[in-house]
Each structure stands twice: as structure tokens, then as C-alpha cells.
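Remarks on the structure that follows.
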Amino acid sequence: MLHQAALVKWQFEHNLGPFACDRSLVYATSDAGRRLRAELGMDRLRPAAARCDDDCASEGGGQLRTKAFALLWRQVVQEGEFRSAAWSVKVDPDCVFFPARLRSLLSGPRHAEPASGSGMFLLSCMRRHALEGPLQVLSRDAVALYGRSAERCGELQKKHPRRPDAYMHECLLRLGASEREAWSLLSSSGCLGEAGGVNCGGTLVSYHPLPTVAAYRDCMNESSEAARFAPLG
Numbered sequence: 031m032l033h034q035a036a037l038v039k040w041q042f043e044h045n046l047g048p049f050a051c052d053r054s055l056v057y058a059t060s061d062a063g064r065r066l067r068a069e070l071g072m073d074r075l076r077p078a079a080a081r082c083d084d085d086c087a088s089e090g091g092g093q094l095r096t097k098a099f100a101l102l103w104r105q106v107v108q109e110g111e112f113r114s115a116a117w118s119v120k121v122d123p124d125c126v127f128f129p130a131r132l133r134s135l136l137s138g139p140r141h142a143e144p145a146s147g148s149g150m151f152l153l154s155c156m157r158r159h160a161l162e163g164p165l166q167v168l169s170r171d172a173v174a175l176y177g178r179s180a181e182r183c184g185e186l187q188k189k190h191p192r193r194p195d196a197y198m199h200e201c202l203l204r205l206g207a208s209e210r211e212a213w214s215l216l217s218s219s220g221c222l223g224e225a226g227g228v229n230c231g232g233t234l235v236s237y238h239p240l241p242t243v244a245a246y247r248d249c250m251n252e253s254s255e256a257a258r259f260a261p262l263g
């Protein structure tokens, strides 16, 4: 996963993507990721409970299997730092992410009470009406709910062994969390009808996949330029 380590390094050095959030943690699932801690002095980088060498699907560019994905979320819950924020965001290294746009989205009335009840999570794929893997947004109570009751979703890991996003979506609904549509959250293949690659010329919260530093940088620049001329209101 050398390309992912290179993306994380570039984002860290430029304070972009998740590093532009109020608080961020990087969970490394490979040796290449773990080496970044020593190279960059990234005290916010931690070894993941699941190693990608053992727990990644052979296809799909190193996508975590559902079992490993569940272990990683359990680690987040056990470490407890998610409690310091109203929302938690899981973002893939090759997903161009604009935290300021997400803050604007979450400041609206539809998301005004994220810490009440059993929590909520955002749906990002309109075509599949789904919680997509590249960018997942969960309220504090939704993460806590998952931590308390994830064992109730054990058989869903077998149902979706290589689709951790489908597992998480179905599990959160089973546990009682509410879903909210947020179609401005993600531009990804198959979700908004993109053809010929990702269209970065809009003002969405995130874009995926951009697998190289050059592609990531160009997409971020294109979307930032589009935002300059977006109409107000």
C-alpha cells in the first residue's frame, strides 16, 4: 500500500484532507503506513488492530475485509477519542476530502442534534442509497451505539465478508441509528452517474478515487477553483 502511504504523507505535510479537521488519527494497516510515524513524527498515527497484509481482500486495491473493518471500529471505540467531537469521519487516503464543506453541511438544521437518541449516520451514494466506504460520517452516539452492541451484527460480517460499507450500513440500522441523505457528500464511481473518471469540478465534500498524489492534488485544485465561482446562497 505504498501509494496510500504517499498520499497520507502529502496530506500531512500540506495540512489537507483529514489533517485539516479539528482532530485526526491515522490507523496504519501496513508496514509502509507504520513507517510514516518515524519518518514524519506523526504522533497521531497508530497501528491498526488489523493488519492489511493479513486481512485485506486480494482484489480491490487493499480494501479491508469486513472482519478487519469491524476490528478497526472497535479499536476507535475502545480508545475513546471519538467522544471529544460531535461527529466522526472515516476517510480513505485516496479520497479527496474538504472538512470545511462538511462542517457547513453539518451546521444545517437536518443535522442539528447529532448527539441525541441512538445517533445518526449520513448516506452518501444516491444511486445505491448507501453508506459508501471512501467517506463515512457517524455521529458520536452512533459510534458509541456500535461499540456497545456490535456483537448483534456478527452474522452480517458473514453476509458481507468483502463489503464493509454494506455491513456497517445494515448494522447501524439494526441497532437503531437513523440514516440521513447527504448527496453532496461524495462523488464516486457509480453514485452520481460519473463517466470517464471522477468529476472534480464541483463543490462536494469529497471525491473518490484519486489514487496518486498528482491526481489527488489536481482534483483538490479543480474543486477549490470551482468553489471560488460557486453562487452564494
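Here my numbering = 1-based position in the sequence shown + 30. From the three backbone atoms N, C-alpha and C, an ideal C-beta is built for every residue, glycine too.
Separation of residue j from residue i, as counted between CA atoms
i	j	result
residue 129	residue 47	7 Å
residue 64	residue 41	16 Å
residue 235	residue 132	6 Å
residue 91	residue 125	Because residue 91 carries a pLDDT of 42, less than 50, the predicted location of this residue cannot be relied on, and the following value inherits that uncertainty. So the alpha carbons of these two residues sit roughly 14 Å apart.
residue 192	residue 36	25 Å
residue 113	residue 157	32 Å
residue 239	residue 49	18 Å
residue 171	residue 137	17 Å
residue 111	residue 169	13 Å
residue 61	residue 139	43 Å
residue 135	residue 141	8 Å
residue 194	residue 70	30 Å
residue 127	residue 109	24 Å
residue 237	residue 258	17 Å
residue 188	residue 100	12 Å
6 Å CB neighbourhood of residue i in its chain, flanking five on each side removed
i	result
residue 251	none
residue 120	166
residue 190	96, 196 and 197
residue 201	183 and 186
Distance CB(residue i)-CB(residue j) smaller than 8 Å
i	j	result
residue 212	residue 118	no
residue 78	residue 34	no
residue 218	residue 233	no
residue 123	residue 228	no
residue 80	residue 58	no
residue 249	residue 230	yes
residue 107	residue 177	yes
Close Cβ partners of residue i (< 7 Å) along its chain, the five nearest in sequence each way excluded
i	result
residue 52	115
residue 89	Unreliable placement is indicated for residue 89, whose pLDDT of 41 sits below 50; the coordinate value is still reported in the next sentence. Nothing listed; no residue qualifies.
residue 44	none
residue 256	231, 232 and 233
residue 241	33 and 124
Any non-hydrogen atom of the ligand NAD within 7 Å of residue i CB
i	result
residue 206	The model depicted lacks the ligand NAD and carries no ligand whatsoever.
Presumed contact (8 Å Cβ cut-off) between residue i and residue j, rounded CB distance
i	j	result
residue 269	residue 204	Outside the shown range of the chain, which is 31 to 263, sits residue 269, and nothing can be said about it.
residue 54	residue 74	6 Å
residue 244	residue 148	In fact, because the Cβ distance is near 42 Å, the residues do not count as touching under 8 Å.
residue 102	residue 152	That pair is no contact at about 19 Å.
residue 160	residue 199	6 Å
Same chain, Cβ closer than 8 Å to residue i, neighbours up to 5 away in sequence not counted
i	result
residue 179	205
residue 72	42, 56 and 66
residue 247	40
Quick one: complete alpha helix (DSSP H) runs, 4+ long, within the segment 140-222?
170-179, 184-189 and 194-205
Minimum length 3: unbroken beta strand (DSSP E) runs contained in the segment 102-128:
117-121
Of all the alpha helix (DSSP H) runs that stay within the bounds of the segment 32-69, which reach a length of 4 or more residues?
32-44
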